[in-house]
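Q:
In the working numbering, the protein residues as written are 14 to 473.
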């Protein structure tokens with residue numbers, strides 16, 4: 014799911030704090046204004062970004078020379094960094110949490126907002142439903158999904174809530190998950206279970222489990238007749254693990270259990286992530302690896318379930334049934350959805366396979382560099398389970414970030430003192446650092462973090 018929940022915390026904006034030396038508490042914040050310099054007509058990507066640091070300073074770009082054993086990093090994709098308006102004084106190594114919207118996509122969305130504000134009645138009343146339908150079909154084709162079974166939604170967490178409240182759970186029913194699931198999804202399941210009298214059961218899956226072992230653990234945990242839904246991640250957020258969802262879905266269906274696949278990170282990162290899975294319900298965000306504006310996601314539902322899906326908010330398209338009744342949520346800003354095809358176009362213009370290979374290789378390089386800096390043997394670095402996975406995790410020293418609050422504090426301190434945005438996770442009573450690779454990243458960013466992180470951790 015989206016990583017805006019308690020696993021990673023949010024960077025504090027106000028009030029400002031100053032970190033006490035040796036503390037992993039809330040840090041002092043730094044402000045930076047970014048001048049975007051581009052073509053005079055405002056069309057096309059900017060040509061450079063001029064940072065003006067108000068407080069704090071840019072860190073040195075020293076290389077990493079600790080004898081690390083990582084394979085060579087991938088070659089950068091020319092010009093890709095200039096597509097984004099990210100603060101150049103910060104190493105943005107956590108694309109998976111909130112993504113990054115290319116400048117041309119930002120401009121496409123702004124043009125839509127300008128159109129909306131110029132004549133709201135015309136924008137909402139004349140053709141918006143048709144435009145949403147057209148966008149849905151475009152995005153469904155990109156994902157390899159049935160457009161008639163695909164609904165645009167705000168985020169994957171919303172899709173989970175839609176499915177849960179449409180199931181009709183009763184006392185004695187159970188929802189089965191694994192301990193790799195995203196926190197906000199678990200909260201949503203718990204709330205629905207409290208409301209209906211059902212229960213949630215969590216299966217522990219070792220990080221080192223093979224695909225065959227994962228399938229067997231889940232198969233053994235199913236209770237036909239009682240398990241009314243299995244919720245499983247396609248690519249886990251906390252552990253960056255690609256689960257064998259096609260085999261899992263097949264096993265669950267053989268036992269009469271429907272499956273909801275949380276594929277928050279799949280769109281854009283995995284090729285046609287929907288078609289081969291066969292899940293009853295599938296949710297995925299396009300504002301992470303698909304370069305869409307934030308607030309763009311899809312819920313895909315197979316034909317037997319479509320008539321049972323009810324929206325969270327009932328509005329004027331209720332009689333249309335799924336997917337229209339889920340998409341039309343009264344008066345909202347629908348421009349993120351309408352601008353999403355521009356994000357897909359950007360990904361394709363860079364070369365989809367090229368981007369996937371680059372990002373995965375760069376994340377792997379970063380994992381090895383950080384692992385070496387923290388004394389983690391290559392054999393002890395978790396593998397993601399797929400060739401295009403652009404997220405990796407590195408175990409932190411024992412005793413660090415073992416609680417949500419401690420993980421949040423460490424993440425904030427890394428952001429402030431090392432000018433690096435990363436995800437710090439707590440999973441299985443241990444702290445983990447999650448790194449991502451994206452076209453705007455460069456090897457020296459991981460090297461610089463690796464050169465400075467051990468000293469910071471020694472103070473915690």
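Glycine residues also receive a C-beta, built at the ideal position from the N, C-alpha and C atoms.
1. By DSSP's criteria, residue 150 is part of a beta bridge. Which residues make up the other side?
2. With DSSP as the reference, identify every bridge partner of residue 187, one or two as the case may be.
3. Mapping the DSSP letters down to three states, classify residue 145 as helix, strand or coil.
4. Measuring only the C-alpha atoms, how far is residue 149 from residue 412?
5. Using the beta-carbon count (16 or more within 10 Å), is residue 122 buried or exposed?
6. Would DSSP call residue 206 helix, strand or coil?
7. Would you kindly work out how many angstroms separate the C-alpha atoms of residue 84 and residue 371, rounded to a whole number?
8. Sort out for me which residues DSSP pairs residue 394 with in a bridge.
9. Let's see if you can read the secondary structure: which residues bound the beta strand (DSSP E) around residue 294?
10. According to the neighbour-count rule (16 or more other Cβ atoms, all chains shown, within 10 Å of its Cβ), is residue 226 buried or exposed?
11. If you scan the stretch 383–443 from start to end, which runs of the alpha helix (DSSP H) of 4 or more residues do you find wholly inside it?
12. When you compare only the Cα positions, how much space is there between residue 313 and residue 326?
13. Assuming residue 463 and residue 386 are in contact, meaning their beta carbons sit under 8 Å apart, how far apart are those beta carbons, in whole angstroms?
14. Can you check whether the CB of residue 118 is closer than 8 Å to the CB of residue 98?
15. Go ahead and label residue 286 buried or exposed: buried means 16 or more other beta carbons lie within 10 angstroms of its beta carbon, across all protein chains shown.
16. I need the boundaries of the beta strand (DSSP E) containing residue 163, first residue and last residue.
17. Have a look at residue 332 and residue 175 and give me their C-alpha separation to the nearest angstrom.
18. Can you look up residue 468 in the DSSP assignment and give me helix, strand or coil?
19. Could you spell out the range, first to last residue, of the alpha helix (DSSP H) harbouring residue 310?
20. Within 10 Å of its beta-carbon, does residue 422 have 16 or more other beta-carbons around it, so buried, or fewer, so exposed?
21. Using the C-alpha atoms, what's the distance from residue 275 back to residue 399?
22. Could you tell me if residue 432 is buried or exposed, where buried requires 16 or more neighbouring beta carbons within 10 angstroms of its beta carbon?
23. For residue 475 and residue 347, what's the separation of their Cα atoms in angstroms?
24. Between the stretch 348–357 and the stretch 260–267, do three or more beta carbon pairs fall short of 8 Å?
25. Name the DSSP beta bridge partners of residue 448, please?
26. Please name the residue or residues paired with residue 105 in a DSSP beta bridge.
27. Using only the heavy atoms of the ligand COA, determine whether one of them is closer than 7 Å to the beta carbon of residue 172.
28. Does the stretch 401–408 come close enough to the stretch 447–457 that 3 or more CB-CB pairs lie under 8 Å?
29. Would you kindly check if the distance between the Cβ of residue 282 and the Cβ of residue 295 is under 8 Å?
30. Is it true that the stretch 178–194 meets the stretch 355–368, where meeting means three or more beta-carbon pairs spaced less than 8 Å apart?
31. Suppose only complete runs of 4+ residues qualify. What are the alpha helix (DSSP H) ranges in the stretch 328–355, listed by chain order?
32. Let's see if you can read the secondary structure: which residues bound the beta strand (DSSP E) around residue 273?
33. For residue 438 and residue 420, what's the separation of their Cα atoms in angstroms?
34. Within this structure, are the beta carbons of residue 224 and residue 257 separated by less than 8 Å?
35. Below 7 Å CB to CB, which residues in the same chain sit around residue 315 once its five sequence neighbours on both sides are set aside?
36. Return the CA-CA distance between residue 146 and residue 393, expressed in angstroms with no decimal places.
A: Looking at the coordinates:
1. DSSP output for residue 150 lists no bridge partner at all.
2. Beta-bridge pairing links residue 187 to 212, 240.
3. helix
4. 46 Å
5. Buried.
6. helix
7. 13 Å
8. Looking at the DSSP assignment, residue 394 forms no beta bridge with any residue, so it has no partner.
9. 294–298
10. exposed
11. The stretch 383–443 is shown to contain whole alpha helix (DSSP H) runs of 4 or more residues at 417–431, in chain order.
12. So the two alpha carbons sit approximately 18 Å from each other.
13. Yes, residue 463 and residue 386 are in contact; Cβ-Cβ is about 4 Å, under 8 Å.
14. no
15. buried
16. Residue 163 -> beta strand (DSSP E) spans 163–166.
17. Put simply, the backbone Cα of residue 332 is about 17 Å away from that of residue 175.
18. In the structure shown, residue 468 sits in a helix (DSSP, three-state: H, G or I).
19. If you look at residue 310, you'll find it isn't in any alpha helix (DSSP H); it sits in the beta strand (DSSP E) that goes 310–314.
20. buried
21. Taking the CA atoms as reference points, residue 399 sits about 17 Å from residue 275.
22. buried
23. This structure cannot settle anything about residue 475, because the visible part of the chain is limited to 14 through 473.
24. no
25. According to the DSSP secondary-structure assignment, residue 448 is paired through a beta bridge with 405.
26. 434
27. This structure lacks the ligand COA, and indeed carries no ligand of any kind.
28. yes
29. no
30. These segments do not touch.
31. 337–340
32. 272–275
33. 6 Å
34. Contact flag set, yes.
35. 162, 293
36. Take the alpha-carbon of residue 146 and the one of residue 393: they are about 47 Å apart.
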